[in-house]
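Below is one structure, written out as structure tokens; the observations come after it.
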Amino acid sequence: MYQKQISEFSTNTRASFSTLTAKDIDFFRTFLEPSSIIMQPDDLLLYNIDWLKSHTG
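My numbering applies: residue 60 is where the sequence shown begins, and numbers increase by one.
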């Protein structure tokens with residue numbers, strides 16, 4: 060019984076989300092300090108992976 064429920068949840072796919080644009084970044088700059096904005100892709104790697112290290116993005 061529990062195996063079936065778990066497998067139902069694990070097969071769901073993630074919805075499609077939009078891509079960050081320059082307009083989005085400009086919006087966040089209106090209220091965030093420059094030190095709070097991460098712009099380098101390498102610096103974002105740590106934040107773009109889930110705690111189980113099985114999903115990125």
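Every residue gets a Cβ at the ideal spot worked out from N, C-alpha and C, and that includes glycine. These numbers come from a predicted model, not from an experiment.
Residue i (DSSP reduced to helix, strand or coil)
i             : result
isoleucine 97 : coil
Which listed residue (the options) has its alpha carbon closest to that of residue i
i           : options                       : result
leucine 103 : Gly116, Lys112, Trp110, Ser94 : Gly116
Distance, residue j Cα to residue i Cα
i                : j              : result
isoleucine 97    : leucine 91     : 11 Å
alanine 74       : isoleucine 108 : 17 Å
serine 94        : threonine 80   : 19 Å
phenylalanine 86 : proline 100    : 19 Å
lysine 112       : serine 77      : 22 Å
tyrosine 106     : threonine 89   : 22 Å
threonine 72     : aspartate 83   : 25 Å
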